[in-house]
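Enquirer: These protein sequences, in sequence, are chains A and B.
As numbered in this note's numbering, residues 1 to 127 make up the first sequence, in order.
As numbered in this note's numbering, residues 1001 to 1553 make up the second sequence, in order.
Cβ atoms here follow ideal geometry from the backbone N, Cα and C, with glycine treated the same way.
Can you read through this structure? Questions will come right after.
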Amino acid sequence: MDEFKVLIVDDEDDFRETIVKRLKSRKIVAEGAEDGKKALELINDNVFDVIVLDVKMPGMDGIETLRRIKAKNPQIEVIMLTGHASVDFGIKGMQLGAFDYVMKPAPLHDLLDKIRQAYDKKKGLVS
Amino acid sequence: MLKRDYRKLWWQNNITKIFFSVLPLLFISISIYSHFNNVYTEKVIESIKTTAENRKGAIDLFFDERISQLVTIANTNSFEQLTNETYLNKVFNIMQTNSKSYMDIGIIDNEGKHVAYVGPYYSILKAVNYKNEPWFNAVMNNGIYVSDIFMGFRKLPHFIIAVLVREDNRSWILRVTINLETIDEIVQKAWIGSSGDAFIINKNNSLQTKPRLGGNYLETPNCPDYSSTSIARTEKFSYEGKERFYCAIQIKTNKWILVLSEDPNELLSPILHEKYWTAFLTFIGLLFIISGSVITTNILIKRLIDTDKQNAMTSDMVLQSNKMIALSKMAAGIAHEINNPLAVIGEKAGWIKDLIMEEDIAKSENFQEFSEAVDKIELHVERARKVTHRLLGFARRMEPAREKVDVNRMLDETTGFLENEAKFMNIEIIKNFSDDVPVITSDLSQLQQVVLNLLNNAFDAIDHEGSITVSTDFDEQACEALISIADTGPGIPKAIMNKIFDPFFTTKEVGKGTGLGLSISYSIIEKLGGKIKVNSNEGIGTVFTIVLPANQG
């Protein structure tokens, strides 16, 4: 399997850190960012294939962050993570170019499936 | 919601209406009657007066004729001729040929001596000297004299007309006695009604004719004292407890007074008749007013009750939807608050699971227990997740959407809500889904609400024991998805069949309707491009069919 890099953006520390750990244990290069600002900084320095982006965050929200990520690097695939009554936000995110959305809480294998699909898509696009 | 006292309103309305209609009616009836009464009474008085004047004229004429006849006889015959009783008898007979009004005739010389007499009282009167009688002096002084009734020598009521004749060197008197019946007869013609009366009185208020209703000559009449009347007067007067019309008029010749007395009850009987007639018409009018008022008030109150019912239902619905909105906001908030911790729990459990997998199985004797515990945690996080997602779905119900709807799955879920209730009420829900039904574009939550509403209605209709068949079908030609919900209830009566989709129509009591109502269901389905059809057979059951456009894509 190709090695690909995933960025998890979520303000909930426990959630973010655990996901990162679990992804790492599955041989996926993963990193965490606690808000949109940090995420934008990180994509400046590193190349990420897939970003999992929480919609509701303090400061810059997920939709705005998505817009900026796409502005910076449209090739990164973004999966929106929605935690409240925000299917609308998920859909809105997709309209802005997100790959898909996942409702919180989601079993890790669901999320992994989505991440892989996103990566496959990106790869197909690049190659 | 305010509760009106319809009974009180009914009375208030009726009493006000009746009061304002009856008052003018009574006013008009009474004033018409009293006006008519006045006019009629005036007419009656007028006619009594006219009769009295006519009679007075007749009596005047009678006296004038008698007097001029006497004057003529006295002046065309000499004293010598008339004192011859044979000749006098001849003259008297000629006088009698015209009228039987004379009783006797006599010649009296200036000494008061009765020199000649013809008549029935010959034996009594022939030898009488009148020198000291009051009438004798009156004739000697006045020349012509009409007496009141008096008894005289014959001891019987009578009255006389006497004429003084002056010849060259002597004077003598021609005197006749008038038959009382003649005057009575003239006077009696003045009666109008069957209980009317007419008589003559003199200056001393003593009767000069015989009244019809009791009383005799020279007695005091049974009526007010009109003896001093000089100008004709007519009036309604109460005498000895009896009200009567009286008319008094003076006779020219001898200042007698003719009195007419009439019974008002008789003369005014037409007006009495009019009184009953007016009362009867007024009564009919009252009946009309009251029944009209009651009918219109009933209609009014019925409308008021309907309007109140509608208002109550509208406010019920507003309340209901406000509740739903508040509830959905709360649900969304709770779901969000719970989802984040749930996500953390899920991930932590997953992480533990990951770690356990990496461990050497033999090294941990409790491996099985850990693994099972983590599995359980994951299982229950999944359960909780379903709950919060359902809550979010409920919250989204408030907003219309266009989404892909798997009709069969939607029905599966919706009937799932009611499974417990169905079990409790002993109702079997039979699902008869067609696999041909495609995924359609519609609003899942609104569809769900309508189906839920129809299912609830079916439950209400069945009440206990029965079955509800939910089936789906696909009409390929029309490209329509069909959902039908058939119950084994009593069916919808024909009388209300065309009303069930009306806004505000309900068979439930005010305040008890909690569903959407068929009208709203209908409009929801209409907005989604479909329609609801109904088919009901009394005693067999009712089938509601939702037809939805199945335009894919």
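1) From this set, B/1252, B/1057, B/1247 and B/1007, which residue's C-alpha is nearest residue 1264 of chain B's C-alpha?
2) Can you list the residues of chain A that residue 1372 of chain B reaches, using a CB-CB cut of under 9 Å?
3) Using only the alpha-carbon positions, how far apart do residue 1053 of chain B and residue 1123 of chain B sit?
4) Determine the DSSP secondary structure at residue 1244 of chain B, reduced to helix, strand or coil.
5) In the DSSP assignment, what residue or residues form a beta bridge with residue 1335 of chain B?
6) With a cut-off of 8 Å on the beta carbons, I'd call residue 1454 of chain B and residue 1544 of chain B a contact; round off their distance for me.
7) Among the residues of its own chain, which have a CB less than 8 Å from the CB of residue 1462 of chain B, if the five just before and after it don't count?
8) Just to confirm, are residue 1162 of chain B and residue 1128 of chain B a CB contact at a threshold of 9 Å?
9) Would you call the stretch 102-119 of chain A and the stretch 1377-1393 of chain B touching, i.e. three or more CB-CB distances under 8 Å?
10) Output yes if chain B places a C-beta closer than 9 Å to the C-beta of residue 12 of chain A; else output no.
11) Would you report the Cα separation of residue 1541 of chain B and residue 1485 of chain B, rounded to the nearest angstrom?
12) Note down, in chain order, each residue of its chain lying with its Cβ closer than 6 Å to the Cβ of residue 1471 of chain B, except the 5 sequence neighbours on either side.
13) Determine, using beta carbons only, whether residue 964 of chain B comes closer than 9 Å to chain A.
14) Since residue 99 of chain A and residue 118 of chain A are thought to touch, with beta carbons under 8 Å apart, how far apart are those beta carbons, to the nearest angstrom?
15) Apply the 10 Å Cβ neighbour rule to residue 47 of chain A and answer buried if 16 or more other Cβ atoms are within range, or exposed otherwise.
16) In the DSSP assignment, what residue or residues form a beta bridge with residue 1261 of chain B?
17) Could you pull the DSSP bridge partners for residue 34 of chain A from this structure?
18) Using the DSSP secondary-structure output, state which residues sit across from residue 1172 of chain B in a beta bridge.
19) Can you check DSSP and say which residues form a bridge with residue 1114 of chain B?
20) Measure the CB-CB distance between residue 1200 of chain B and residue 1144 of chain B and report whether it falls below 9 Å.
21) Taking all protein chains shown into account, do 16 or more other C-beta atoms lie within 10 angstroms of the C-beta of residue 1302 of chain B, making it buried, or fewer, making it exposed?
22) Since residue 55 of chain A and residue 77 of chain A should fall inside the 8 Å C-beta cutoff, what is the C-beta to C-beta distance between them, to a whole number of angstroms?
23) Using a Cβ cut-off of 9 Å (strictly closer), state whether residue 106 of chain A contacts chain B.
24) Can you give me the C-alpha to C-alpha distance between residue 1325 of chain B and residue 1334 of chain B, rounded to a whole angstrom?
25) Would you say the beta carbon of residue 1175 of chain B comes nearer than 8 Å to a heavy atom of the ligand MN?
26) Check distances from the C-beta atoms of the stretch 1329-1354 of chain B to those of chain A and list, in chain order, the residues that come in under 7 Å.
27) Who are the near neighbours of residue 1062 of chain B in its chain, counting only those whose CB is closer than 7 Å to its CB and skipping five residues on each side?
28) Against residue 99 of chain A, what residues of chain B qualify as contacts under a CB-to-CB distance less than 8 Å, listed in chain order?
29) Residue 1118 of chain B to residue 1245 of chain B, Cα distance in whole Å?
30) Given that residue 21 of chain A touches chain B, what residues does it touch there, using C-beta distances under 7 Å?
31) Should residue 1030 of chain B be labelled buried (16 or more other beta-carbon atoms within 10 Å of its own) or exposed?
32) Is any beta-carbon of chain B found at less than 9 Å from that of residue 38 of chain A?
33) Work out the CA separation of residue 1491 of chain B and residue 1539 of chain B for me, nearest whole Å.
34) For the stretch 1276-1283 of chain B against the stretch 1216-1230 of chain B, do three or more pairs of beta-carbon atoms, one drawn from each stretch, fall closer than 8 Å, so that the two count as touching?
35) Label residue 1412 of chain B either buried or exposed according to how many other C-beta atoms from any shown protein chain fall within 10 Å of its C-beta, with 16 as the threshold for buried.
36) How big is the Cα-Cα spacing for residue 1193 of chain B and residue 1033 of chain B?
Expert: Let me lay it out:
1) B/1247
2) Under the 9 Å cutoff, chain A gives no residues; its nearest Cβ is about 18 Å from residue 1372 of chain B.
3) 41 Å
4) Strand.
5) Beta-bridge pairing links residue 1335 of chain B to no other residue.
6) 5 Å
7) Excluding sequence neighbours, residue 1462 of chain B sits near 1425, 1427, 1468, 1487, 1488 and 1489.
8) no
9) yes
10) yes
11) Whole-angstrom Cα-Cα distance: 11 Å.
12) 1432 and 1484
13) Past the boundaries of the shown model lies residue 964 of chain B; chain B is included only from 1001 to 1553, so the question cannot be answered.
14) Between residue 118 of chain A and residue 99 of chain A the Cβ distance is about 4 Å, and since that is below 8 Å, they are a contact.
15) exposed
16) In the DSSP output, where bridge partners are listed per residue, residue 1261 of chain B has B/1197 and B/1246.
17) None; residue 34 of chain A has no bridge partner.
18) B/1109 and B/1165
19) Under DSSP, residue 1114 of chain B shares a beta bridge with B/1108.
20) No; because the gap between Cβ atoms is not below 9 Å, this pair is not in contact.
21) exposed
22) Actually they do not touch by this definition, with Cβ atoms about 16 Å apart.
23) Yes, residue 106 of chain A counts as interfacial toward chain B.
24) Approximately 14 Å between the Cα atoms of the pair.
25) Because no ligand of any kind appears in the structure shown, any question about the ligand MN cannot be addressed here.
26) 1332, 1335, 1336, 1339, 1340, 1342, 1343, 1344, 1346, 1347, 1348, 1350, 1351 and 1354
27) 1186
28) Result: empty, since nearest Cβ-Cβ is about 19 Å, beyond 8 Å.
29) 43 Å
30) 1351
31) exposed
32) no
33) Distance between the alpha carbons of residue 1539 of chain B and residue 1491 of chain B is about 6 Å.
34) no
35) exposed
36) 23 Å
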